[in-house]
Amino acid sequence: MWVADKWKDYEVLDATGGEKLERWGDYILVRPDPQVIWDTGRRAPEWKQANGHYHRSSKGGGSWEMNGLPEEWSIAYQGEGGDLQFRLKPFAFKHTGVFPEQAVNWDWCAGRIQKWQEKNPDSEPFRVLNLFAYTGGATVSAALAGAHVTHVDASKGMVGWAKENALASDVPTERTRWLVDDCKKFVEREIRRGNSYEGIIMDPPSYGRGPKGEIWKIEECVFELITLAGKLLSEKAVFFLINSYTTGLQPAVLTYMLGEAIVAGRGGIVESDEIGLPVRKNGLVLPCGASGRWMNV
Ligand SMILES: C[S@@+](CC[C@H](N)C(=O)[O-])C[C@H]1O[C@@H](n2cnc3c(N)ncnc32)[C@H](O)[C@@H]1O
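Taking my numbering, the leading residue of the sequence shown gets 8, the next gets one more, and so forth.
So, in structure tokens, the structure goes:
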């Protein structure tokens with residue numbers, strides 16, 4: 008498993024009985040987690056000191072129980088690319104505005120961008136396309152590593168939030184391009200324009216909607232989008248990363264899709280694995296989905 012174990016401002020303190028206990032900077036949150044089906048008892052004293060507790064409702068969705076949690080606060084991540092700043096707030100569907108497990112992918116991409124720049128000092132900037140880019144963790148990390156990043160997300164609110172994270176992280180403005188758009192439509196347009204990228208990142212939800220209501224269902228749409236986006240890889244392309252939170256979408260499936268859609272046409276290798284977060288109290292690693300990584304060799 009690829010484990011995001013370099014956080015200082017974030018940690019999973021404990022996980023048991025369907026919930027995880029997390030420290031986000033100075034604040035303690037309790038959130039449900041479908042993977043946590045074991046029950047090792049609530050040993051950590053912090054279970055009683057939670058500042059925010061997200062309760063699922065039987066009607067779907069849920070709500071936050073607040074106990075001294077500010078409306079907004081910030082945390083930082085010292086990554087391969089540089090120091091990333093994140094604005095956080097408790098919002099819909101138990102989200103806070105960042106997926107900490109993604110740090111393991113941010114660092115992997117930043118490492119490849121820096122290596123490429125060392126080898127190609129006189130080249131145009133390394134170009135990254137970040138699809139389903141949310142609050143911009145991967146965008147900020149890649150841009151701080153020196154890349155020029157195109158950030159695409161369907162939600163105007165999320166793109167605004169990502170811009171704030173980039174500003175707070177001192178990302179030079181000329182290194183980012185922000186787009187509110189449907190990912191598939193954007194990729195199809197880029198193919199027609201003949202644009203290309205050295206690195207592509209996609210982190211789709213299980214289910215989502217484009218700005219004009221375009222339906223995204225990962226099982227039905229993801230292979231076609233990987234195949235289309237694969238056409239945007241430049242001659243000098245270095246990586247293609249896909250992440251999935253969708254329960255049941257195994258690493259091997261990501262390997263097969265990247266194999267068919269990219270390796271078959273241009274070689275290179277693919278590695279896929281689960282990603283996870285270390286749990287301080289019980290020493291386990293909390294599984295948080297899977298990632299597939301194509302890289303040219
Ligand atoms: C789970 S989040 C992705 C997490 C993110 N990559 C991260 O780690 O920070 C899914 C994002 O996909 C966006 N989205 C959903 N359907 C979309 C579509 N059809 N086109 C573009 N973005 C979409 C949502 O607005 C949301 O921001």
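Ideal placement from N, C-alpha and C gives every residue a C-beta, glycine not left out.
Since the structure is predicted, the reported quantities are computational estimates derived from the model, not experimental observations.
Selected residue, minimal CA-CA separation from Asn250, among Phe106, Asp46 and Ile44: Phe106
Any 3 or more C-beta pairs closer than 8 Å across the stretch 213-223 and the stretch 261-278: no
Beta strand (DSSP E) runs contained entirely in the stretch 115-177, provided each spans 3 or more residues: Complete beta strand (DSSP E) runs here, min 3: 134-138 and 155-160.
Cutoff 6 Å; reference Leu186; Cβ partners in own chain excluding five residues on either side: Only Val159 meet the Cβ criterion.
Identity of the residue in Pro285, Arg300 and Ser162 nearest Lys27 by Cα: Pro285
Residue environment, Met209, which counts as buried when at least 16 other CB atoms sit within 10 Å: buried
Where the alpha helix (DSSP H) through Phe308 begins and ends: An answer regarding residue 308 cannot be provided, because it is not within the stretch 8 to 304 covered by the chain.
beta-carbon Glu314 near ligand 1 non-hydrogen atom, thresh 6 Å: Residue 314 lies beyond the range of the chain shown here (8 to 304); nothing can be said about it.
Any non-hydrogen atom of ligand 1 within 6 Å of Phe139 CB: yes
Gly144 Cβ short of 6 Å to ligand 1 heavy atom set: Distance from the C-beta of Gly144 to the nearest heavy atom of ligand 1 is below 6 Å.
Where the alpha helix (DSSP H) through Ala259 begins and ends: Counted as a single uninterrupted DSSP element, the alpha helix (DSSP H) harbouring Ala259 occupies residues Pro258 to Leu265.
Ile225, enclosing alpha helix (DSSP H) - first and last residue: Ile225 to Gly237
Pro41 CB to nearest heavy atom of ligand 1 below 6 Å: no
Phe98 versus Gly104 - alpha carbon distance: Those two C-alpha atoms are separated by around 8 Å.
Exposed unless 16 or more other CB atoms sit within 10 angstroms - verdict on Val304: With a 10 Å radius around the Cβ and a threshold of 16 neighbouring Cβ atoms, Val304 comes out exposed.
Whole runs of the alpha helix (DSSP H) within the stretch 45-106, excluding any shorter than 4 residues: Those alpha helix (DSSP H) runs which fall completely within the stretch 45-106 and span 4+ residues do not exist here.
DSSP state of Arg38 mapped onto helix, strand, coil: strand
Beta-carbon proximity list for Thr253, same chain, < 7 Å, skipping 5 on both sides: Counting only residues of its own chain and dropping the five nearest sequence neighbours on each side, Thr253 has a CB closer than 7 Å to the CB of Ser213 and Ile225.
Gly143 classed as buried or exposed, judged by whether at least 16 other C-beta atoms fall within 10 angstroms: buried
Cutoff 7 Å; reference Gly290; Cβ partners in own chain excluding five residues on either side: none
Cutoff 6 Å; reference Trp301; Cβ partners in own chain excluding five residues on either side: Phe247, Leu265, Ile269, Gly275 and Val277
Test item: CB-CB of Asp189 and Ala150 under 7 Å: no
Through-space distance from Glu53 to Lys192, alpha-carbon basis: Glu53 has its alpha-carbon roughly 46 Å from the corresponding atom of Lys192.
Distance CB(Glu18)-CB(Arg184) smaller than 7 Å: no
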